[in-house]
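Sequential numbering from 2 applies to the sequence shown in my numbering.
Just so it is clear, CB atoms sit at the ideal spot from N, CA and C, and this is done for glycine as well.
In this text, all values refer to a predicted model and were calculated from it rather than measured experimentally.
The structure appears right after this line, and notes come after that.
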Amino acid sequence: MPKFHPKTLSESDKSRLIEMAWEDRTPFDAIEQSFGLLESQVIQLMRHELKRSSFEMWRKRVTGRATKHVALRSELVNRAYCPTQYKNK
């Protein structure tokens, strides 16, 4: 696996990527499609960008979570986020 350097992303891309990684319903496959980063590279970025305690909390949260891994998802879930998530307020 090639070493990923977080500096290759703009600050806004980094921010969006971190937001997607924290979202329960956004699978790593969607992140790979949007940013071209494998799950292991997302983990590397999160380790680099978050405080240690935040990173550890995030890792506990996503490890084995069915919604973060398309292969573990129910076939009934065919979207990456809640339909009301990005509505204007």
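Self-check item: Inter-stretch contact (C-beta, 8 Å, three-pair minimum) for the region 11-24 and the region 41-55
Solution: Under the three-pair Cβ rule at 8 Å, the region 11-24 counts as touching the region 41-55.
Quiz prompt | Sequence-distant residues of its chain with Cβ nearer than 7 Å to F29 (five each side left out) | solution = E40, V43, K69, H70
Self-check item: DSSP three-state assignment for K52, whether helix, strand or coil
Solution: coil
Quiz item: In chain order, what residues of the same chain lie with their CB nearer than 7 Å to the CB of F56, ignoring the 5 residues before and after it?
Solution: M47, R48
Self-check item: Under the three-state DSSP convention, the category T27 falls into
Solution: Coil at T27, not helix or strand.
Quiz item: Just the Cα atoms here: how many angstroms apart are F36 and M58?
Solution: 23 Å
Quiz item: Straight-line CA distance for R53 to R60?
Solution: Their backbone Cα atoms lie some 10 Å apart in a straight line.
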